[in-house]
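These notes concern the structure reproduced below.
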Amino acid sequence: MKPRAKILIGVLLSILVLSLPFWAGVYWTHVAILSLYYVIVVSSWNLLVGYAGQMSFAHVSFSTMGGYASTLVATRFGIHPALGMLIGMCVGAIVGYALGILCLRMRGVYHSLATLAFAEAFRTVLNLEYKITRGSLGLLSVRLYPGVSKTPYYYTVLVLAIGGLFILYRIINSPIGFTLQAIREDQTAASVAGVPLARYKLFAFSLTSAMASLAGAFLAHYLGIVTPDWATQTAMSFVLAMAIMGGLGTFIGPVIGAVCVEFLAEYLRVYGRYYMSIFGLVVLLMLRFTPGGLLALARHLTDSASYTRWVSKGKQLLATLQVRNK
Amino acid sequence: MKIGRWFPVLVTLALVLGIVAGCAPAGPAPTKPAEAPAAKEPIKIGGIGPLSPPGTPALGTEMMNAFKLRIDEINAAGGLLGRPLELVFEDSAGTPEKGTAAMEKLINKDKVIAVVGEGHSSALLAEMEVAHRNHVILIDVEAWSDKIRTRGYREVFAIPASNTLFNAKIAEFIQASGFKRPFLLAEDTDFGVEGIQLLGKALENLGITYKSLVVDRTTKDFVPFLLQAQEFNPDILVVNVTGVGAYLIIKQAKELGLAPTANCALFSGVADMGYPELWETAGSAAQYVVWETAIHPKAQYTDLTQPFIDKYTKTYGRPPTYSGLQAYDAILVLEEAIKLAGSTDTDKLIEALEKVKVKGTRGIMSFPTEPGVYYHQADVPLLFLQYTEVGQTPDKCEIVFPVNLKTADLKKPPK
Amino acid sequence: MPKSLELFLSYVINGLIIGNIYGLMALGLTLILGVMKIVNFAHGEFYMLGGYAAYICSMKLGLGPVAGILGAIVTVFFIGLFVERALLTPFYSGRLERPSDYALLMTFSLSVFLMNVVIPIFGPYQKASAPLAEGSVNLGIVSVGATRVIASLVAILLMALLLLLLSKTRLGIALRAIAQDRDAAAICGIDVNRMNPVAFGIGTAMAAAAGALLAPTFLVYPASGSLAASKANAILVLGGMGSIKGAIIGALLLGVLESLGVLFLSPGYRDVYGFLVIVLVLLIKPTGLFGGQEF
Numbered sequence: 620m621k622p623r624a625k626i627l628i629g630v631l632l633s634i635l636v637l638s639l640p641f642w643a644g645v646y647w648t649h650v651a652i653l654s655l656y657y658v659i660v661v662s663s664w665n666l667l668v669g670y671a672g673q674m675s676f677a678h679v680s681f682s683t684m685g686g687y688a689s690t691l692v693a694t695r696f697g698i699h700p701a702l703g704m705l706i707g708m709c710v711g712a713i714v715g716y717a718l719g720i721l722c723l724r725m726r727g728v729y730h731s732l733a734t735l736a737f738a739e740a741f742r743t744v745l746n747l748e749y750k751i752t753r754g755s756l757g758l759l760s761v762r763l764y765p766g767v768s769k770t771p772y773y774y775t776v777l778v779l780a781i782g783g784l785f786i787l788y789r790i791i792n793s794p795i796g797f798t799l800q801a802i803r804e805d806q807t808a809a810s811v812a813g814v815p816l817a818r819y820k821l822f823a824f825s826l827t828s829a830m831a832s833l834a835g836a837f838l839a840h841y842l843g844i845v846t847p848d849w850a851t852q853t854a855m856s857f858v859l860a861m862a863i864m865g866g867l868g869t870f871i872g873p874v875i876g877a878v879c880v881e882f883l884a885e886y887l888r889v890y891g892r893y894y895m896s897i898f899g900l901v902v903l904l905m906l907r908f909t910p911g912g913l914l915a916l917a918r919h920l921t922d923s924a925s926y927t928r929w930v931s932k933g934k935q936l937l938a939t940l941q942v943r944n945k
Numbered sequence: 002m003k004i005g006r007w008f009p010v011l012v013t014l015a016l017v018l019g020i021v022a023g024c025a026p027a028g029p030a031p032t033k034p035a036e037a038p039a040a041k042e043p044i045k046i047g048g049i050g051p052l053s054p055p056g057t058p059a060l061g062t063e064m065m066n067a068f069k070l071r072i073d074e075i076n077a078a079g080g081l082l083g084r085p086l087e088l089v090f091e092d093s094a095g096t097p098e099k100g101t102a103a104m105e106k107l108i109n110k111d112k113v114i115a116v117v118g119e120g121h122s123s124a125l126l127a128e129m130e131v132a133h134r135n136h137v138i139l140i141d142v143e144a145w146s147d148k149i150r151t152r153g154y155r156e157v158f159a160i161p162a163s164n165t166l167f168n169a170k171i172a173e174f175i176q177a178s179g180f181k182r183p184f185l186l187a188e189d190t191d192f193g194v195e196g197i198q199l200l201g202k203a204l205e206n207l208g209i210t211y212k213s214l215v216v217d218r219t220t221k222d223f224v225p226f227l228l229q230a231q232e233f234n235p236d237i238l239v240v241n242v243t244g245v246g247a248y249l250i251i252k253q254a255k256e257l258g259l260a261p262t263a264n265c266a267l268f269s270g271v272a273d274m275g276y277p278e279l280w281e282t283a284g285s286a287a288q289y290v291v292w293e294t295a296i297h298p299k300a301q302y303t304d305l306t307q308p309f310i311d312k313y314t315k316t317y318g319r320p321p322t323y324s325g326l327q328a329y330d331a332i333l334v335l336e337e338a339i340k341l342a343g344s345t346d347t348d349k350l351i352e353a354l355e356k357v358k359v360k361g362t363r364g365i366m367s368f369p370t371e372p373g374v375y376y377h378q379a380d381v382p383l384l385f386l387q388y389t390e391v392g393q394t395p396d397k398c399e400i401v402f403p404v405n406l407k408t409a410d411l412k413k414p415p416k
Numbered sequence: 128m129p130k131s132l133e134l135f136l137s138y139v140i141n142g143l144i145i146g147n148i149y150g151l152m153a154l155g156l157t158l159i160l161g162v163m164k165i166v167n168f169a170h171g172e173f174y175m176l177g178g179y180a181a182y183i184c185s186m187k188l189g190l191g192p193v194a195g196i197l198g199a200i201v202t203v204f205f206i207g208l209f210v211e212r213a214l215l216t217p218f219y220s221g222r223l224e225r226p227s228d229y230a231l232l233m234t235f236s237l238s239v240f241l242m243n244v245v246i247p248i249f250g251p252y253q254k255a256s257a258p259l260a261e262g263s264v265n266l267g268i269v270s271v272g273a274t275r276v277i278a279s280l281v282a283i284l285l286m287a288l289l290l291l292l293l294s295k296t297r298l299g300i301a302l303r304a305i306a307q308d309r310d311a312a313a314i315c316g317i318d319v320n321r322m323n324p325v326a327f328g329i330g331t332a333m334a335a336a337a338g339a340l341l342a343p344t345f346l347v348y349p350a351s352g353s354l355a356a357s358k359a360n361a362i363l364v365l366g367g368m369g370s371i372k373g374a375i376i377g378a379l380l381l382g383v384l385e386s387l388g389v390l391f392l393s394p395g396y397r398d399v400y401g402f403l404v405i406v407l408v409l410l411i412k413p414t415g416l417f418g419g420q421e422f
């Protein structure tokens with residue numbers, strides 16, 4: 620594709636995205652805001668799991684944590700939600716660091732089990748400490764902006780998402796990024812080559828947890844509520860699905876995955892009970908047959924080599940049919 | 002470059018935009034009642050309630066069915082203001098999160114003129130905020146928390162009893178029946194926790210010592226909590242847990258030999274007690290359980306009650322519980338308000354609602370405007386019934402409280 | 128007997144009775160881990176499917192509780208076979224860059240799918256299956272539901288049968304050989320690839336049996352697998368990944384540890400202790416009590 624065409628399309632998309640609240644209507648702006656929230660959460664998870672290779676089922680715990688931390692300081696101490704969001708982010712960074720320390724010496728399945736145990740324990744504690752958290756009911760939070768309009772929320776989360784993606788992009792395409800990938804590929808070799816594993820792993824954990832917490836704090840102040848349901852493994856599977864569908868371990872994958880899956884989920888919602896099953900099935904099939912996600916699928920479909928292969932297969936099929944009909 | 006890195010990106014984004022474009026104008030069809038004349042623009046009424054756990058699905062389904070019944074009746078008679086009514090019912094699952102999402106959809110996407118329903122206080126408290134923010138009417142059908150009333154939102158109207166009223170009655174019942182050592186178990190929700198506080202205070206005022214424990218409503222194994230109750234040696238166990246826990250706790254209490262026994266009665270004040278699922282799940286343990294309802298054939302039927310019960314039973318294959326009646330009444334109230342206001346504008350409807358006196362299936366409803374726990378609160382009868390046989394239906398139960406409407410004394414299981 | 132000791136023993140007895148059944152489930156998980164080297168994150172959902180199968184056989188078809196349990200075992204065994212063939216074969220194909228990540232993500236996604244696919248089929252309501260017994264059993268210190276006691280005994284029976292299978296039959300010996308050393312087993316002529324679905328099938332069938340046994344007590348509903356899975360995971364980690372002895376003893380130990388926690392801390396936190404156990408064990412001795420030893 621000519622560079623000029625690419626620029627043109629890029630400009631068009633940017634205009635659409637930047638002006639979204641003005642043409643999409645209230646409800647779809649809401650969906651777009653949720654998508655951008657997921658972009659931040661999934662992209663950060665992608666850095667941790669896809670690039671650094673540290674499998675974690677605790678990511679949604681951090682977005683939830685950010686939501687609760689921010690809400691608690693805003694409602695109990697009257698702190699402005701924006702400041703609350705920063706506090707939430709710091710809490711996430713610290714706890715993420717702690718989780719990283721916990722998982723330092725673990726590998727593979729043990730690592731995943733530890734993060735799973737952490738995630739479930741966190742959620743259970745949220746439910747049990749109802750005097751502070753109001754348990755399974757969730758906490759009602761302070762909204763970030765007065766008034767009913769969703770427009771300021773959209774632009775806020777858009778800025779957060781672009782900012783987050785920018786940071787991730789710089790990290791991935793820097794020596795840090797390469798080192799993280801080296802750790803993913805072969806931890807022992809990396810260590811032998813002189814990489815201080817602990818420092819990098821902890822960095823990955825705290826940065827990604829901080830991002831997720833910030834996003835979660837934002838969401839709490841947008842929806843006006845934060846609940847333990849945010850920290851369930853079903854919620855985690857959404858993040859997973861988005862990363863897989865988009866393409867795990869790629870930069871743009873999470874963005875595509877987050878947006879597509881969120882819009883798809885809203886669209887499927889009319890099927891009521893069937894929607895999560897259809898969704899789950901799609902994820903399973905995608906994982907099984909195209910682990911590279913939609914990105915790889917699209918590439919595969921539009922790849923010139925496979926295109927000619929299909930055309931020749933089609934021709935063969937036609938030929939056999941004609942022979943039969945004679 | 003070949004086809005290029007960007008092409009697949011665009012393919013997928015095209016997919017997205019396609020979905021967006023496809024969805025932007027209008028949402029796909031929501032649930033519609035049978036006859037809706039296509040000519041006129043329908044009046045959309047939003048329904049909300051638990052259709053899935055952790056809420057009580059039987060309750061949400063019953064509300065939805067009752068709404069549909071009345072709306073169909075109205076449409077058969079020509080609709081309201083010359084327009085047909087259309088029900089859009091969304092599942093709140095009894096949680097604040099799903100509830101708020103459902104409200105957002107009903108208000109912003111479906112553009113309903115009012116929302117009716119909900120059976121779980123915590124969900125309603127969150128949904129109320131959305132209704133208030135968007136200035137849309139919300140009629141509470143079966144959520145009891147005082148805060149729903151005391152917040153004083155003009156858009157919110159309450160059909161069921163408040164926690165204050167309910168717990169005052171429980172305390173009276175405990176005293177009137179001569180119990181001296183109640184143990185209170187409640188779920189960790191606004192309904193449960195508030196209830197313990199209110200009941201506790203009421204019991205203290207009557208000089209009755211008690212002990213209480215808050216339980217996680219999603220747990221299935223209540224034995225550790227029940228063992229603690231057993232240590233206290235109570236003579237009545239007051240259990241306010243909704244959802245399937247309501248049934249399990251009874252079963253497990255019976256298995257432990259705690260209640261209902263000759264030494265200890267069991268009272269459960271939740272809507273779940275009225276459904277046949279009680280017998281399916283708790284089995285014979287539920288015999289001798291005392292529970293609460295708003296109506297009974299031997300007390301307080303209006304001339305609308307029996308016809309509704311018959312019609313509901315015929316249409317849906319099972320009789321309604323008091324929640325179904327409350328749901329039906331909610332639509333009656335909204336209907337009267339629309340007629341009185343002559344419009345679907347929110348402010349006019351609020352004015353109308355504050356003026357109406359509507360005869361429903363449980364009595365006459367009106368909504369006072371004094372701030373406090375009786376704000377926009379319809380007057381509600383409260384009856385305490387007891388299951389005396391296994392598999393008994395609610396209308397065969399005996400009324401054991403209030404004293405002036407009693408049909409039998411409290412029965413104790415044999416030793 | 129002092130009140131608190133009596134209370135403690137009540138907790139312990141209850142904990143052991145239920146813990147036993149989770150032990151059965153953990154055994155299945157251990158089998159899968161040992162033979163296939165995969166931690167089945169969907170194990171809880173097979174427990175849940177077992178519960179639904181028991182519900183169908185014993186209630187809907189009216190065949191009674193025993194048929195319910197057998198039905199659960201047989202049905203889920205075949206479901207397990209199918210799932211392994213359909214979804215897990217890439218793990219062994221050698222074509223994947225990160226097979227263990229694949230197995231994790233796949234079983235995890237499977238668990239979410241299974242949890243949600245039963246909703247349109249059975250509805251979101253809880254179901255009960257026919258209990259093995261009615262009423263309570265008075266054990267002196269505490270009364271326990273008769274269903275639980277009988278279920279616990281059946282679980283012990285099934286565990287014994289499994290152990291017998293593993294030690295006395297050719298199939299069992301083959302499975303143990305693969306668990307010890309896959310390549311050596313292949314060299315000895317065992318068709319390792321055909322053993323995978325069998326191991327998965329048996330493992331998930333054990334989870335299903337546990338689900339069927341606990342269905343009358345704790346009911347069956349789409350999310351019922353989550354709690355069971357976390358208990359099974361805790362047992363797995365505590366006892367030592369891949370150790371059968373560890374799974375059995377780990378189950379009993381977990382029951383006691385939880386009861387201690389309930390007594391000294393709080394009843395509500397009982398299920399959190401399992402997670403604490405996992406984390407502590409992984410920190411201190413990741414191989415668990417008996418891990419690293421032979422199957």
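Residue numbers (the working numbering), protein chains in the order written: chain W, 620 to 945; chain S, 2 to 416; chain R, 128 to 422.
The beta-carbon is built from N, C-alpha and C at its ideal position, and this holds for glycine as well.
{"Item": "For residue 168 of chain S, does the count of other Cβ atoms within 10 angstroms reach 16, so buried, or fall short, so exposed?", "Value": "buried"}
{"Item": "Can you find a CB in chain R that lies within less than 8 Å of the CB of residue 739 of chain W?", "Value": "yes"}
{"Item": "In three-state terms, what does DSSP make of residue 225 of chain R?", "Value": "coil"}
{"Item": "Could you work out which residues of chain R lie near residue 258 of chain S, taking near to mean beta carbons separated by less than 7 Å?", "Value": "263, 270"}
{"Item": "Just verifying my parser: in three-state terms, what is the DSSP assignment at residue 725 of chain W?", "Value": "coil"}
{"Item": "Give the straight-line distance between the Cα atoms of residue 38 of chain S and residue 46 of chain S, rounded to the nearest whole angstrom.", "Value": "Confidence is the limiting factor: at residue 38 of chain S the pLDDT is only 43, short of 50, which leaves the residue's position unreliable and the question unanswerable from this model."}
{"Item": "Using DSSP with H/G/I as helix, E/B as strand and the rest coil, what is residue 173 of chain R?", "Value": "helix"}
{"Item": "Measure from the alpha carbon of residue 336 of chain R to the alpha carbon of each residue in R:228, R:377, R:152, then state which is nearest.", "Value": "R:152"}
{"Item": "Can you check DSSP and say which residues form a bridge with residue 243 of chain S?", "Value": "Answer by DSSP bridge pairing: none, since residue 243 of chain S is not bridged."}
{"Item": "So, does the CB of residue 1 of chain S fall closer than 8 Å to a CB anywhere in chain W?", "Value": "Here chain S has residues from 2 to 416 only, and residue 1 of chain S is not among them."}
{"Item": "Cβ of residue 844 of chain W less than 8 Å from any chain S Cβ?", "Value": "yes"}
{"Item": "Leaving out the 5 sequence neighbours to the left and right, which residues in its chain are closer than 6 Å to residue 810 of chain W when beta-carbon positions are compared?", "Value": "816"}
{"Item": "Is residue 342 of chain R close to chain S? Criterion is C-beta to C-beta, closer than 8 Å.", "Value": "no"}
{"Item": "Just checking, does the segment 653-667 of chain W make contact with the segment 717-731 of chain W on the three C-beta pairs under 8 Å criterion?", "Value": "no"}
{"Item": "List the residues of chain R whose Cβ lies closer than 7 Å to the Cβ of residue 222 of chain S, in chain order.", "Value": "345"}
{"Item": "Name the residue from S:264, S:286, S:262 whose alpha carbon lies nearest to the alpha carbon of residue 249 of chain S.", "Value": "S:286"}
{"Item": "I'd like to know if residue 895 of chain W contacts chain R, where contact means its C-beta is closer than 8 Å to some C-beta of that chain.", "Value": "yes"}
{"Item": "What's the C-alpha gap between residue 294 of chain S and residue 735 of chain W?", "Value": "43 Å"}
{"Item": "Roughly how many whole angstroms lie between the Cα atoms of residue 828 of chain W and residue 704 of chain W?", "Value": "13 Å"}
{"Item": "Does residue 232 of chain R get closer than 8 Å to chain S when you measure Cβ to Cβ?", "Value": "no"}
{"Item": "Ends of the alpha helix (DSSP H) at residue 308 of chain S?", "Value": "306-317"}
{"Item": "Quick one: is residue 340 of chain S buried, meaning 16 or more other Cβ sit within 10 Å of its Cβ, or exposed?", "Value": "exposed"}
{"Item": "Between the segment 376-383 of chain R and the segment 259-273 of chain R, do at least 3 Cβ pairs fall closer than 8 Å?", "Value": "no"}
{"Item": "Below 8 Å on the Cβ atoms is my contact criterion, and I expect residue 131 of chain S with residue 49 of chain S to pass it. Report the Cβ-Cβ distance as a whole number of Å.", "Value": "Their Cβ separation, rounded to whole angstroms, is 10 Å, which puts residue 131 of chain S and residue 49 of chain S out of contact at 8 Å."}
{"Item": "Name, in chain order, the residues that DSSP records as bridge partners for residue 266 of chain S.", "Value": "S:237"}
{"Item": "Counting only runs that start and end within the segment 209-282 of chain R, where is the alpha helix (DSSP H) found for 4 or more residues in a row?", "Value": "217-220, 226-249"}
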